[in-house]
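Enquirer: Using our numbering, the first residue of the sequence shown is number 4, and each one after it goes up by one.
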Amino acid sequence: MRAAVRLLPLFVRPRTVLSAQGILMAIAFAACSALFLTVAGGLWAFLHWDTTPDGSGVLVMYKILAGIATALLVVPAVTLGQAAANLAARSETDRLSGLSLLGASSRTITALAVSSPVIVAAAGSVVGIGGYFALLAPVSLIPFQGRGLGYANMLLPWWAVLTAVGLLVMVSAVASVMGLRKLAVSPLGVRTRSLESHFPWARIIVGAIGLVVLYVLLQITLNASGVAILVAGLLLSFMIALLVIDVLGVLFVRLVAHLSAQRARTADRLIAARLVSDAPKQYWRQVSGLAMTSFIAVVAGTGVSMLVQIDDQADGAAGPEALLAGDMRTGILLTLVIALLFITVSAAVNLTAQVYDRAPTYRELHAAGMDEGTVASLTVRTTMMPVVWVSVLSAGLGLLLVLPLAGFALVMSPATFLIMLSTVVVGILVLRAGLLLTRPTVRRVTLAESA
C-alpha cells in the first residue's frame, strides 16, 4: 500500500484527469449522480405527501407509482456507473503493465487500478450534486395534482445525498476490481490482457435462480392482501427482472454472435461476430441500456393502456381521481425520458471504452491490409449485431412480468406495442449516433502505430 500511495500522483495527474477519457468518465458520473438524485428527490417529495384527506387512496397510488419508477431506473444508473469505471480501467492498462513488468506486486497494481476510477467517480458525483440542484428548478414545476412538487419538497436530506454519492463511488470501485480480476495480474498478464476463459456456468445458474425467485415473488405479490406487501413485491419484482436481464443478456449476446459467425458471408461480418463471441460481456454493456429501457417501455406502455380505463372511470369524477390519468401520463413520459438519457450517456462511454479496448486488434487488422473504412465498420457491426435481439429478450421478459399483473388485454394493446417500438427505435438511433461520434477515435487508434 505504501508503494501505491507513492505512485498514485503519477496516475492521477491533471493531464490524466483532463484527457478525453477522464473528462468523459467524469461527465458520466456527474450525469448519473444528477439524474439519480433528481429521481430520488421526486420519490422523496411523493412519499411526504399528506394522504389523510384522500379517503379513496388515490394519493397513495402516486407513492406506489413513484417507487416503481425509481426502482426501474436504479439498474440503468448502476450500469452507467460501471461503464464509466470500465473506461477508466482501460485507460490505465499501459501504465499498469509497465509497473507489472518492473516487479510491482499484485496488491499494488490492484490498489492503483481502483484508486483512479474512485477519485474521478467521487469528483464527478460531487459535480453531479450541483447538476441535481439545477435540475430541480424545472422538474419541480412539473404539475402533479394540479401543482408542482416544489423545489423545497424535492430537496433530499444531506445523508441521502451522501449515501447516493457513496454508492456510486462503491460501484466504481467494485467494477474496477471485477474488471481487474478477469486479467491474470502477472508481469505479462496486464500487458497482454490475458482473459480467463471458461464456460459461463455460474451465469447460467444465477439466471435460472433469478427466474425462479421472480416467479415465486410474483405469486406472493398477486396473492398479497396488504398494500405494503403489494408495493414491496412490485418493487422487488421489477428490480430482480432487470438484474435477470443483465445476467442473461451476456449469454444471449454470445449466442447471437455464434449464430452470426456461422451465417457470415463476408470477412468483416465474420470478424465482427468473432470479436463479439470472444468478449460478449463487453459488447453487452454497449446495448444493455437499450435492453433495460425496452423493459421499462413495456411497463410504461401497459400503464398507458391502463389510463384508457381510468379515463372512462374518471368521467365526472372530482378531486384527486380526476387528475390521476393525466399525472400518470406525465410520470410515464418522465421515466422514459430519463431512461433514454441514461442510454445516451452510457452509449457514449461504453462505445469509447470499447474502441480503446480493441485498439490493438484494429491496428493489427489495418497492418494486415484492411482499409480504414472496413475497420470502422467493425465497430458498427459488433454493436448493432445484437441490438434487436436483446431488445426482444428484455421486452419479452417485461411482457411476461406485467401479464399476470395487468391482464392479457392491456399487455397486448396497441398502446403498449407503440410505446415499446418507438422507444427501441429511438434507442437504436442513439446508439447509431454514438458510433458516428466514435469514428475519429477509431481512426486515431488505428493509425497510432504508423504515426
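All C-beta atoms, glycine included, are put in the ideal place defined by N, C-alpha and C. Values in this document were obtained by computation on a predicted structure and should not be read as measured data.
Alpha carbon to alpha carbon, how far is glutamate 439 from valine 234?
Expert: A small fix is needed here, since residue 439 is leucine in this sequence, not glutamate. Cα-Cα distance, rounded: 42 Å.
Enquirer: Return the CA-CA distance between leucine 251 and glycine 149, expressed in angstroms with no decimal places.
Expert: 42 Å
Enquirer: Quick one: give me the first and last residue of the alpha helix (DSSP H) that alanine 418 is part of.
Expert: 417–440
Enquirer: What first and last residue would you give for the alpha helix (DSSP H) that runs through isoleucine 223?
Expert: Run containing isoleucine 223: 204–225, per the alpha helix (DSSP H) assignment.
Enquirer: Find out if the Cβ-Cβ distance for the pair valine 253, lysine 284 is shorter than 7 Å.
Expert: yes
Enquirer: Give me, in chain order, the residues of the same chain whose beta-carbon lies closer than 8 Å to that of leucine 214; leave out the 5 immediate sequence neighbours on both sides.
Expert: Val247
Enquirer: Could you tell me if proline 160 is buried or exposed, where buried requires 16 or more neighbouring beta carbons within 10 angstroms of its beta carbon?
Expert: exposed
Enquirer: Are there three or more Cβ pairs, one per stretch, closer than 8 Å when the region 333–346 is compared with the region 299–306?
Expert: Flag = yes, the region 333–346 and the region 299–306 touch.
Enquirer: Less than 6 Å between C-beta atoms, sequence neighbours within five positions excluded: which residues of the same chain meet that for alanine 362?
Expert: Counting only Cβ-Cβ distances below 6 Å, and skipping sequence neighbours, we find Val448.
Enquirer: Runs of 4 residues minimum, wholly inside the region 339–403: which ones carry the alpha helix (DSSP H) assignment?
Expert: 362–370 and 375–387
Enquirer: Mark asparagine 226 as exposed unless 16 or more other C-beta atoms lie within 10 angstroms of its C-beta, in which case mark it buried.
Expert: exposed
Enquirer: Would you be able to state if there are at least three C-beta pairs under 8 Å between the region 39–51 and the region 132–150?
Expert: yes
Enquirer: Specify the secondary structure class of glycine 151 as computed by DSSP and reduced to three states.
Expert: strand
Enquirer: Of the choices Gly304, Ala69 and Ala270, whose alpha-carbon is the least far from that of alanine 412?
Expert: Nearest option by C-alpha distance: Gly304.
Enquirer: How is proline 160 classed by DSSP in three states: helix, strand or coil?
Expert: coil
Enquirer: Use the C-beta contact count for valine 219: other C-beta atoms within 10 angstroms, 16 or more gives buried, fewer gives exposed.
Expert: exposed
Enquirer: Output needed for valine 259: all residues of its chain with C-beta closer than 7 Å, excluding positions within five of it in sequence on either side, in chain order.
Expert: Met388, Pro389 and Trp392
Enquirer: Which of the three DSSP states is assigned to alanine 187 in this structure?
Expert: Reliability fails at alanine 187, whose pLDDT of 45 lies under 50, so the model's placement of it is uncertain and the value that follows must be treated cautiously. Correct three-state label for alanine 187: coil.
Enquirer: Between the C-alpha atoms of leucine 27 and threonine 82, what's the straight-line distance to the nearest angstrom?
Expert: 15 Å
Enquirer: Which same chain residues end up closer than 7 Å to alanine 126 when comparing Cβ atoms and leaving out the 5 residues on each side of it in sequence?
Expert: Ala29
Enquirer: The alpha helix (DSSP H) with isoleucine 145 in it runs from where to where?
Expert: No alpha helix (DSSP H) holds isoleucine 145; DSSP gives it neither H nor E.
Enquirer: Helix, strand or coil for histidine 51 per DSSP?
Expert: In this structure, histidine 51 counts as coil in the three-state DSSP scheme.
Enquirer: What would DSSP say about threonine 269, mapped onto helix, strand or coil?
Expert: Coil, per DSSP.
Enquirer: Run through DSSP, which three-state label would leucine 450 get?
Expert: coil
Enquirer: Give the DSSP-derived three-state secondary structure of glycine 252 in the structure shown.
Expert: helix
Enquirer: With a threshold of 8 Å, are at least 3 pairs of Cβ atoms found where one atom belongs to the region 61–70 and the other to the region 328–336?
Expert: Cβ pair count under 8 Å is three or more, so yes.
Enquirer: Mind checking methionine 173: buried by the 16 CB within 10 Å criterion, or exposed?
Expert: exposed
Enquirer: Of the residues Trp52, Ile207, Ala356 and Val209, which one's Cα is nearest the Cα of arginine 3?
Expert: For the chain, the structure presents residues 4 to 454; residue 3 sits outside this window and is missing.
Enquirer: Which first and last residues belong to the alpha helix (DSSP H) in which alanine 412 is found?
Expert: 411–414
Enquirer: Helix, strand or coil for proline 120? Go by DSSP, reduced to three states.
Expert: helix
Enquirer: Within a Cβ cutoff of 7 Å, which residues of the same chain sit near threonine 444, ignoring the five residues on either side of it in sequence?
Expert: Thr355 and Val358
Enquirer: Using C-beta distances below 6 Å, list every residue in its chain close to phenylalanine 147, excluding the 5 sequence neighbours before and after it, in chain order.
Expert: Asp330
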